[in-house]
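Each residue of the sequence shown is one higher than the last, beginning at 34 in this note's numbering.
Virtual Cβ for every residue (Gly too), placed ideally from N, Cα, C.
Working notes, structure below.
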Amino acid sequence: MPKISEVLQLAFQYHRSNHLVKAKEVYNLILEQQPHHPEALYGLGTLAQQVGQHQSAEKLFIAALQIHPKSTKTWFSLGNLRQAQGQLKEAESAYKQVLALQPNSVAVYNNLGYTLQQQGKLEEAITCYQKALEFQSDCAEAEVNLGNILYSQGKLSPEQKVYYGALNNKLGIDRKKAGNLKIAIAYFQQAIALQPDLGNAHYNLGTALQEQGQFEDSLTCYQRALELNPDNFELRDFIIIYQALL
């Protein structure tokens, strides 16, 4: 009979390969044998989060933490889950639990900064972004989030606005590729606020809104992108067809 550790590796393999039904079966098989196995609980929690079962994911993460309260990855996942649901104070608490255990985590400082920023705690957020950049000077997310706060405070020069506009647009593209349209749209909108004549950002915002089914708004973005780049005949033709389909 295979060891639990071997079965767990099989579950991880299924999970990494996106064979989620198989992965769930194997995680549950482990829990039938060891109901308090923290890795199986955590794996099942991340799987539930992937498929949008947020309440189940939260219960599984909490169950895993009751067994292994010093698991930084579980606290971090719980923080991300709560942040995604708008539970900002709870997310803040989870991220701080990670930092108490692992005080040099770039990702956690960035995510905590964003959570604080969403709550209007700007100076605390700035400190978090600066910490992230101390540990990793090329952390684009921390850099752009810091820049966005400074913009909101009126502290960016015209040259910095251009720089951060381009960086927001790039991060928006990355988030869109990752399937996170909500955050991608926020980055594109921020890019436009910083650099209103950035045609690519208007176009990229249009594609993201189109994927969300906001067709009229996406058309407005495409038209603005064309105004900024009137020689883009391919975009002009696309808009004509797009208008006809609306």
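Check	Outcome
Cβ-Cβ separation, L189 to T180 (assumed contact under 8 angstroms), whole Å	The amino acid occupying residue 180 in the given sequence is Gly; Thr does not appear at that position. Sure, about 7 angstroms apart at Cβ, within 8 angstroms.
Whole-angstrom distance between Q82 and L114, CA atom to CA atom	7 angstroms
Beta-carbon gap between A199 and R208 smaller than 8 angstroms	no
Nearest to T253 (by Cα), restricted to the options V131, D264, G232	G232
CB of L80 within 8 angstroms of CB of A97, strictly	no
Beta-carbon gap between N144 and Y162 smaller than 8 angstroms	no
Close beta carbons around L304, own chain, < 7 angstroms, minus the five adjacent residues each side	Lying outside 34 to 279, the shown extent of the chain, residue 304 is not represented and no answer is given.
Contained alpha helix (DSSP H) runs [length at least 4] in the stretch 70–152, N- to C-terminal order	71–83, 87–100, 105–117, 121–134, 139–151
DSSP-derived helix/strand/coil call for L189	coil
Residues near Y284 by beta carbon distance below 6 angstroms, same chain, minus five either side	No statement about residue 284 is possible, as the shown extent of the chain runs from 34 to 279 and does not include it.
Status (buried if at least 16 other CB within 10 Å, exposed otherwise) for R49	exposed
Beta-carbon proximity of Y255 to I273, cut-off 8 angstroms	no
Distance, Q276 Cα to Q228 Cα	27 angstroms
Candidates L134, L53, K203, F109: closest to E123 by CA position	F109
For H52, three-class secondary structure by DSSP	coil
C-beta contact flag for A258 and G239 at 8 angstroms	yes
Below-8 angstroms beta-carbon distance, E249 vs any chain C residue	The displayed structure is made up of one protein chain only, and chain C is not part of it.
Outcome for H69 when other beta-carbon atoms lying within 10 angstroms are tallied against a minimum of 16	exposed
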